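Below is one structure, written out as structure tokens, with a few remarks after it.
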Amino acid sequence: MRKADLVNAISEKTGVAKVDVLVSLEELFKEIKSTMQSGENVYIRGFGSFVIKKRAKKVGRHIKKGKSIEIPEHYIPSFKPAKVFTEQVKINVHALPKDETED
1062 MRKADLVNAI SEKTGVAKVD VLVSLEELFK EIKSTMQSGE NVYIRGFGSF
1112 VIKKRAKKVG RHIKKGKSIE IPEHYIPSFK PAKVFTEQVK INVHALPKDE
1162 TED
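As structure tokens, this is what we get:
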């Protein structure tokens, strides 16, 4: 499912105009990004958590040059689904016919 499909589905289910749904969705994404950029995690009960993970510095390899390079410590965004959400997916996907899950 892409963003456009998500907007269409929400619009059909709620009766809200697609433009309004798109604006709301974009604002949600923008708020999550700005909150995480300021160093805070975002917790949505029943859905999951957008958390910042720290990656330690390590030695990597530049394949073309054959040299070792040092990759500095850095932070990356990560999503951890809520336990309720994970359980719902496990139950519902398991119940689907096999060809529907291969997408």
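For what it's worth, the numbering used here labels the leading residue of the sequence shown as 1062, then goes sequentially.
Note that CB positions come from ideal geometry on N, CA and C, so glycine has one too.
Keep in mind the model is a prediction, meaning the values are calculated, not measured.
Residues Glu-1134 of the same chain have their beta carbon placed closer than 7 Å to that of Ala-1117, with the five preceding and five following residues left out of the count.
For Phe-1140, the enclosing beta strand (DSSP E) has its first and last residue at 1135 to 1142. Three or more Cβ pairs drawn from the segment 1137 to 1154 and the segment 1099 to 1108 lie within less than 8 Å of each other, which places the two stretches in contact.
Shown here, Phe-1146 sits in a helix according to DSSP, grouped into three states. Counting only the Cα atoms, Ile-1113 lies some 7 Å from Gly-1100.
With a cutoff of 8 Å on beta-carbon distance, His-1123 and Ile-1132 are scored as not near each other.
Val-1103 is bridged by DSSP to Phe-1111.
When only Cα atoms are considered, Ala-1070 and Lys-1064 end up about 10 Å apart.
Ile-1152 sits in a helix when the DSSP states are folded into three classes. Annotation for Lys-1118: no beta strand (DSSP E) segment contains it, and DSSP assigns it neither H nor E.
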